[in-house]
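> Pasting a structure here, questions to come.
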Amino acid sequence: MCVPASLLRHDALAYLGYSDSDLDDKTQEILHTALAHIAEWSDYKQHYCYLKDLPEMPAFLQQASYKSLQGKLDTALLFAASLGLGIDQRIRTLSLNRLSEAVVVNAVANAYLEARTELFVKEILPGAVLFCPGYAGTEPGDNRYILDLLDAQKHLGIYLKESGLMLPEKSMAGIVVANYRFSCKSCIIRSKCPYLKQGKTCYGSKPALD
Ligand code: SF4
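Numbering-wise, my numbering puts 192 at position 149 of the sequence shown, and it's gapless, one number per residue.
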């Protein structure tokens, strides 16, 4: 599945916090190379299952923090994806003595994983979003339930470290849910949300308060 180069470039720059005009010639070249090769440097894999195919609704989805998903889970899927260990290793090696290159490759890898995931979501359930544990007051650690239910260790080689971070690091897990709109309006942690305090959101776009 091919990710449009312009989209990848735009998202990688967003991860870097730069615009095109901020980049010097050397960084432009590093970015160009990373964009051209990220697909071959990665070993993208994904795995999913429909919630309706599980013997019962997972208990973590019945917590109050997932209330906003209720009524939308009949068509939803559990999903996980990873770029594999090779790209982690490449970034680690670069960071030893070519730090600026490591930073750019890291941003391109993040953008690539996100773009591949978005393409999958668009194809499997048009109009749906990927709701990841950690959004809207849910616990990031709930990733472990999704990974367990998908047997992500076997299918994708994803391990969950004690810290809760996934290995390979360029991995993600979540629930693909249709007819869902991110909003802070009824989020259970809105009054103390660390994202809103910084003018950001957990879902990456402007705060929706209606
Ligand atoms: S950004 Fe909004 S939805 Fe996300 S955790 Fe904060 S209040 Fe909740």
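Where a beta carbon is used, it is the ideal one built from N, C-alpha and C, also for glycine.
Might you give, ordered along the chain, the residues of its own chain that have their beta carbon closer than 8 angstroms to the beta carbon of K228, omitting 5 neighbours on each side?
Excluding sequence neighbours, K228 sits near A251, L252 and D253.
> Suppose contacts are defined by Cβ-Cβ distances below 8 angstroms. Is A152 in contact with S85 by that definition?
Yes, these two residues count as a Cβ contact at 8 angstroms.
> When burial is assigned at 16 or more other CB atoms within 10 Å of the CB, is S206 buried or exposed?
The residue is exposed, with fewer than 16 neighbouring Cβ atoms inside 10 Å.
> Do L156 and the ligand SF4 come close, with the Cβ less than 7 angstroms from some heavy atom?
L156: no, Cβ never under 7 angstroms from the ligand SF4.
> Between Y188 and I81, which are expected to be in contact by the criterion C-beta below 8 angstroms, what is the C-beta distance as a whole number of angstroms?
So it is not a contact: roughly 30 angstroms between Cβ atoms.
> Of the choices L239, G242, C236 and E182, whose alpha-carbon is the least far from that of S108?
For the residues L239, G242, C236 and E182, the minimum Cα distance to S108 belongs to E182.
> Got a sec: does the ligand SF4 put a non-hydrogen atom nearer than 7 angstroms to the Cβ of P47?
No.
> With distance defined between alpha-carbon atoms, name the residue in H53, F122 and F225 nearest to D185.
Per the Cα distances, F122.
> Since F163 is in the alpha helix (DSSP H), which residue starts that stretch and which ends it?
Segment L142 to I167, the alpha helix (DSSP H) holding F163.
> Give a yes or no on contact between the region 162-179 and the region 190-205, applying the rule of three or more CB pairs nearer than 8 angstroms.
Verdict: no, contact absent.
> Which of the three DSSP states, helix, strand or coil, is assigned to Y61?
Reduced to three states, the DSSP call for Y61 is coil.
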